[in-house]
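A short write-up of the structure that comes next.
Protein chains in written order, with our numbering: chain A, 1 to 118; chain B, 119 to 232.
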C-alpha cells in the first residue's frame with residue numbers, strides 16, 4: 001500500500017523562526033491535506049494542498065502563517081512561520097490514497113511532525 | 119451541522135477482556151463513518167469505515183463497529199483486548215453537510231492492563 005513520509009519527524013524551534021515540513025507520497029494522489037493536532041487534542045484541518053494552485057485554508061488558518069506548496073501530485077510542504085509556543089503541535093500530512101467512498105475522503109496519514117517551540 | 123461525540127476520554131480494560139469505545143454522531147444525511155487509531159509516536163491508521171453498505175463493519179486487528187441509525191451510534195468493539203491495542207482512537211463522520219470534509223471526535227485513549 002502507498003506510504004506517506006514526513007520530515008522532520010520532530011524538531012525544537014526558537015520563537016520567531018520558521019520551519020518547513022515536507023511530505024512525500026510514493027504514488028500520485030489527487031488530494032493532500034495538512035492537519036494540526038495540539039497536545040491532547042483531536043485533529044484540526046489546516047488546509048487542502050492543491051496541485052499547481054494556492055492551497056484552500058480552513059477558518060482560522062491563513063496563508064501568511066502557514067504557507068503551503070504542492071508542486072506535483074506526490075509532494076507538498078507546510079511552513080509554520082514566525083513560530084510561537086502556541087504553535088507547538090503535531091502536524092500531519094494526509095492524502096486520499098484510499099480514494100473516496102460515498103463522497104467521503106478515505107485518508108492515509110504520515111507519521112507526523114512534532115514541533116516544540118520554545 | 120454534523121458533530122461527533124466520543125463519550126469516554128479514557129477507557130481502561132484488562133488484557134483478554136472485551137473493548138467498547140463509544141461514539142455518537144449527528145448528521146442530516148446518510149453519513150460515512152470511520153474509526154482511526156493512533157499509536158504513540160506513529161501516524162493515524164484507518165481501522166474501518168461505514169459507507170451505507172452492511173451495518174456491521176469489520177476492520178483490522180479484530181475490531182468491528184456497528185452502525186445504528188436509530189441510536190445515531192457507531193461504537194467500536196473487540197472481543198478480546200491485546201496489549202498492542204493500547205492507543206488513541208478517533209471516531210470520524212463525513213456527509214454532504216460538511217461538503218464531505220472529515221469531522222473528528224475528541225478521541226478515546228484505550229489503556230490495557232496486564
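Idealized CB from N, CA, C, for every residue including glycine.
For this session: Kindly indicate if chain B contains any beta-carbon less than 8 Å away from that of residue 16 of chain A.
Result: Closer than 8 Å: no.
Exercise. Below 8 Å, can you find three or more Cβ-Cβ pairs linking the segment 135-155 of chain B to the segment 187-199 of chain B?
Worked result: Contact holds: three or more Cβ-Cβ distances are below 8 Å.
Problem set entry | CA nearest to the CA of residue 70 of chain A, picked from A:16, A:23, A:105 and A:7 | When only C-alpha atoms are compared, the closest one is A:23.
Problem set entry | Expected contact under 8 Å - CB spacing of residue 154 of chain B and residue 120 of chain B to nearest Å | Not really, about 17 Å apart at Cβ, beyond 8 Å.
For this session: Going by CA-CA distance only, name the one from B:222, B:193 and B:227 that's closest to residue 107 of chain A.
Result: Selected option, being the one with the closest Cα: B:222.
Exercise. Is the CB of residue 208 of chain B under 8 Å away from at least one CB in chain A?
Worked result: Yes, residue 208 of chain B lies at the interface with chain A (some Cβ there is under 8 Å from its Cβ).
Problem set entry | Selected residue, minimal CA-CA separation from residue 78 of chain A, among A:85, A:63 and A:88 | Looking at the Cα atoms, A:63 is the closest of the given residues.
Problem set entry | Bounding residues of the beta strand (DSSP E) (the contiguous stretch that carries residue 126 of chain B) | Careful: residue 126 of chain B lies outside any beta strand (DSSP E) and carries neither H nor E.
Problem set entry | Min CB distance residue 153 of chain B to chain A below 8 Å | False, the Cβ-Cβ gap to chain A never drops below 8 Å.
Exercise. Under 8 Å, do residue 97 of chain A and residue 29 of chain A count as touching if we go by C-beta distance?
Worked result: The answer is yes: Cβ separation under 8 Å.
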